[in-house]
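Worksheet for the structure shown next.
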Amino acid sequence: MGHLNGRTRPAARLRRLRVRDFLLIEEADLALAPGLNVLSGETGTGKS
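Residues are numbered in my numbering as their position in the sequence shown, beginning at 1, plus a constant of 676.
The structure is reproduced here in structure tokens:
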């Protein structure tokens, strides 16, 4: 968590990920849950 003037603020997080026309991904619209979200796939498919 970050600190601002001695106060704690919540960590930033992604809520949604939208991708279009990126490498082998024509279109993807993902709602991300709080906590850990994992994207997996074959090597060379545009995850990173």
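Ideal Cβ placement from N, Cα and C applies to all residues, glycine included.
- Scanning 724, 711, 717 for the CA closest to the CA of residue 688 turns up 711.
- In the structure shown, residue 706 falls within a strand segment according to DSSP collapsed to helix, strand and coil.
- Under the three-state reduction of DSSP, residue 684 is assigned to strand.
- Looking at the DSSP output, residue 692 bridges to 707.
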